[in-house]
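Residue numbers (the numbering used here), protein chains in the order written: chain V, 21 to 388; chain Z, 21 to 388.
Note that beta-carbon positions come from the ideal geometry of N, C-alpha and C, so glycine has one too.
Below is one structure, written out as structure tokens; the observations come after it.
Protein chains: 2
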Amino acid sequence: MTIMENQQTIYAVIMAGGVGSRFWPRSREKNPKQLLEIIGEGTMIQNTVKRLHGFVDEKNVFIVTNKLQKNAIIKQLPNVPVENIIVEPVGRNTAPCIGLAALFVERLDPKGIMIVLPADHLIANEPEFIRVLQTASQVAHITAGLVTIGIHPTHPETGYGYIQAKDKSEETQPVNITGVFEVKTFAEKPNYAMAVTFLESGDFFWNSGMFIWRVDTILHEIQRSLPELHGQLVNLRPSIGTSLFEQNLEIAYGMMRGISIDYGVMEKALRVYVVKGDFGWNDLGSWDEVYRMSKKDEDGNHSYGKVISVNSKNTYVHTSDKLIATVGVEDIIVINTPDAILVCKKGASQDVKEIVDHLKRKQMNEYL
Amino acid sequence: MTIMENQQTIYAVIMAGGVGSRFWPRSREKNPKQLLEIIGEGTMIQNTVKRLHGFVDEKNVFIVTNKLQKNAIIKQLPNVPVENIIVEPVGRNTAPCIGLAALFVERLDPKGIMIVLPADHLIANEPEFIRVLQTASQVAHITAGLVTIGIHPTHPETGYGYIQAKDKSEETQPVNITGVFEVKTFAEKPNYAMAVTFLESGDFFWNSGMFIWRVDTILHEIQRSLPELHGQLVNLRPSIGTSLFEQNLEIAYGMMRGISIDYGVMEKALRVYVVKGDFGWNDLGSWDEVYRMSKKDEDGNHSYGKVISVNSKNTYVHTSDKLIATVGVEDIIVINTPDAILVCKKGASQDVKEIVDHLKRKQMNEYL
Chain V
21 MTIMENQQTI YAVIMAGGVG SRFWPRSREK NPKQLLEIIG EGTMIQNTVK
71 RLHGFVDEKN VFIVTNKLQK NAIIKQLPNV PVENIIVEPV GRNTAPCIGL
121 AALFVERLDP KGIMIVLPAD HLIANEPEFI RVLQTASQVA HITAGLVTIG
171 IHPTHPETGY GYIQAKDKSE ETQPVNITGV FEVKTFAEKP NYAMAVTFLE
221 SGDFFWNSGM FIWRVDTILH EIQRSLPELH GQLVNLRPSI GTSLFEQNLE
271 IAYGMMRGIS IDYGVMEKAL RVYVVKGDFG WNDLGSWDEV YRMSKKDEDG
321 NHSYGKVISV NSKNTYVHTS DKLIATVGVE DIIVINTPDA ILVCKKGASQ
371 DVKEIVDHLK RKQMNEYL
Chain Z
21 MTIMENQQTI YAVIMAGGVG SRFWPRSREK NPKQLLEIIG EGTMIQNTVK
71 RLHGFVDEKN VFIVTNKLQK NAIIKQLPNV PVENIIVEPV GRNTAPCIGL
121 AALFVERLDP KGIMIVLPAD HLIANEPEFI RVLQTASQVA HITAGLVTIG
171 IHPTHPETGY GYIQAKDKSE ETQPVNITGV FEVKTFAEKP NYAMAVTFLE
221 SGDFFWNSGM FIWRVDTILH EIQRSLPELH GQLVNLRPSI GTSLFEQNLE
271 IAYGMMRGIS IDYGVMEKAL RVYVVKGDFG WNDLGSWDEV YRMSKKDEDG
321 NHSYGKVISV NSKNTYVHTS DKLIATVGVE DIIVINTPDA ILVCKKGASQ
371 DVKEIVDHLK RKQMNEYL
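Written out as structure tokens, the structure is:
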């Protein structure tokens, strides 16, 4: 069985509301990580849409974002219909975001397959990625369950959540497709020892934050697990596409509780599946990760813009304008933007968000 | 005996032609180290003149520099007469520079005391510095010898030349003033083992590059040791102060051989004295040295301009405009100027000049 036989239309919902504070100073509220060229050509969101080509039509791509980023997204994705750009008045975590997008998809196709994707991940093997999404779409269609992509873990990473599959040998497996498992549990970011245990057990995957389901399935599951949110969402239905929508949305979001789809829905749902993904996935969670994924010269230096390197090794240097010269440094990340410069030790780039916290505390808003 | 009893006029010649390439990117050809505020208030050359107040009148201060720096010097030192700013057409090392300045001093006072000082040194104890200069002036006046200041060494520094005094117990000592010795020899920058030996011997001083002599003495010694240079210099005498001077100087310098006063004159002279100086001298030879001499917070960080420091230690961060944030770095020097940024490991700042060499090779003149 293939998707083509079903003639099932696929919709993509791309969550693009983040601020990417770990990517300061390049990532800013108005121009965050997903709108930047971080690795290679094209911005992260452009590449996210582009890699769906042939599988999801751009007119079936929805973007959930915020007011600050809307115009930049319209500019970067000229083939995505403007009415598909959904603007949240405030961020309320992923459950309201996904529920809202589901309402939009529902209007086009009440039983359509909805693929939810973060806007800022890197995927090396795109054909394999599409193959996995096709499988996930089949599973979502057949089972009316919630499907997630579990990344085959390569090391005991403590920066990701994990998904545990039910024992693969059990006969309970309801879908007879290689690499598809029922989910036993979702696990938060583990400590190192726990991550090692996860890796050794063989039935844990990294939680990619990608979801695949039928739009009626997710709305039903939201109704079951988050009835209050469901009520707030369905109240919005009549005004979608009208001049009243923006105001109604603002009121609804004003009352909504922020909650994640993982915690609010996935963990309580009955039919949850994980499709194993092994397509060179990277969530580019920090400048360290960007360094690892970037091209380097023989000294391990990556440079972008005017850079002179003297006796320096394993550096990541990115300059938007001025010349940067490094002398005798190792394992250093230097990012120069039009108004701010970051100098960060490799391994410490998770702490870049502390800079952003500091800027917020001191109300240095021009740097946010 | 004091200087006052002699009514001897003191002239200062400040050598300010250097480019300070170790201080790139702040130090540039048109705005080098001596014209910058490196430590505290006032530029280095302003502080060099200022610390002579009460000892050398500003109208008796001469500056030897080059075309690129002339206007900035006039601006920074409004009380030094413009006719005392001597512009060398090209740099020919210290012997021609000092010889040329001697001609200017000679016109005012053929037997005047001439103090030659670098423009870019730091001196902590200024009264003691003046006391030492007074002593040196006395010695120069009485002996008609060449006098230099030897800095009491505090560690086996390999970055300075050394001056060895004759055995202090010898009865040959001709000037009966505490802290004044005949010079036995000048030594080039030693290796570390040699520097330790120098330090342990007790009769070696750091060569400060400061000289004190009567103007007739130095001209006579140049005549004796560098007759060719002396001939070229005396040919210039008649045109000083006339419209012909600039052209004559250009022709003279075109033919001159570059040679240092140490090698060309001091080492060959008969009556050479060293006055011991212990006044918190520092030649600020590198950004490392600047860090050592700068104020730091409790984490050992020095910052100038908009700087945010997260988990960083022992950094020197200077920004002319943009915000600089450091995260998790130690022993790092960051200098941000309007067009270039340096990121340098502490201990490697001697290699900053390699950046300048690279810029010259690549003809990136806008950064020189």
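Query	Result
Taking Cβ-Cβ distances shorter than 8 Å, what residues in chain B pair up with Z:I328?	Judged by its chain identifiers, the structure shown contains no chain B, and its protein chains are V and Z.
Does any residue of chain V bring its CB to less than 8 Å from the CB of Z:H361?	First, the amino acid is wrong: residue 361 of chain Z is Ile here, not His. Yes, because at least one Cβ of chain V sits closer than 8 Å to the Cβ of Z:I361.
Exposed or buried, what is V:M21 when buried is set at 16 or more other beta-carbons lying within 10 Å of its beta-carbon?	Its pLDDT being 41, under 50, V:M21 is placed unreliably by the model, and nothing is read from it.
In chain V, which residues lie with their C-beta within 9 Å of the C-beta of Z:N331?	K365, A368, D371 and E374
Considering only the beta carbon of each residue, do V:G284 and V:L246 sit closer than 8 Å?	yes
Anyone know if the C-beta pair for V:T357 and V:P138 falls short of 8 Å?	no
Can you tell which of Z:G199, Z:P176 and Z:E287 has its C-alpha closest to the C-alpha of Z:E241?	Z:E287
Using a Cβ-based criterion (distance less than 7 Å to any ligand heavy atom), does V:K315 qualify as near the ligand GDP?	In terms of ligand content, the structure shown is empty, and the ligand GDP therefore cannot be addressed.
For Z:A272 and Z:R71, what's the separation of their Cα atoms in angstroms?	34 Å
Below 6 Å CB to CB, which residues in the same chain sit around Z:Y387 once its five sequence neighbours on both sides are set aside?	A360 and L379
Assign V:F75 to one of three DSSP states: helix, strand, or coil.	coil
Looking at the C-beta of Z:K342, does it have a partner C-beta in chain V at a distance below 8 Å?	yes
Apart from the five residues on each side of it in sequence, which residues of its chain come closer than 8 Å, Cβ to Cβ, to V:T85?	A36, G37, I93, I105, I106, V107 and E108
Quick check on the DSSP output: the alpha helix (DSSP H) that includes Z:N255 runs from which residue to which?	P247 to L256
Along chain Z, which residues have their Cβ under 9 Å away from the Cβ of V:G179?	Near V:G179 there are no residues of chain Z at all, since even the closest Cβ is about 16 Å away, more than 9 Å.
Using the C-alpha atoms, what's the distance from Z:C117 back to Z:F82?	11 Å
What residues in its chain sit with their C-beta under 6 Å from that of V:T114, if we drop five residues either side in the sequence?	S280 and I281
Closest by CA to Z:T68, which one among Z:K53, Z:K326, Z:K382 and Z:I34?	Z:I34
What runs of the alpha helix (DSSP H), each 4 residues or longer, lie entirely inside the stretch 183–245 of chain V?	212–221 and 235–245
With 8 Å set as the bound, which would you pick, yes or no: does the beta-carbon of Z:V349 sit closer than that to a beta-carbon of chain V?	yes
Alpha carbons only, please: which of V:E61, V:A185, V:E103 and V:E266 is nearest the one belonging to V:F292?	Here the sequence assigns Val to residue 292 of chain V, which means Phe is not the residue at that position. Nearest C-alpha to V:V292: V:A185.
Verify whether the separation of the beta carbon atoms of Z:Q252 and Z:M276 is less than 8 Å.	yes
Name the chain V residues whose beta carbon is nearer than 7 Å to that of Z:Y387?	L343
Could you say which of V:G40, V:E49, V:F43 and V:Y31 lies nearest to V:N385 if we only look at CA atoms?	V:E49
Say whether chain V places a C-beta atom closer than 8 Å to the C-beta of Z:N99.	no
Going by DSSP in three states, Z:A32 sits in which element: helix, strand or coil?	strand
Using only the alpha-carbon positions, how far apart do V:D319 and V:I352 sit?	13 Å
Count the C-beta pairs between the stretch 293–304 of chain Z and the stretch 220–236 of chain Z that are closer than 8 Å, then say yes if the count reaches three, no if not.	yes
So, under 8 Å CB-CB, V:R10 and V:G367 are touching, yes? Tell me the CB distance rounded to an integer number of Å.	The structure shown does not extend to residue 10 of chain V, since chain V is modelled only from 21 to 388, so the question has no answer here.
Z:I375 and V:I328 look like a contact to me (Cβ under 8 Å); what is the Cβ gap, rounded to whole Å?	6 Å
With distance defined between alpha-carbon atoms, name the residue in V:L55, V:E61 and V:P258 nearest to V:Q89.	V:L55
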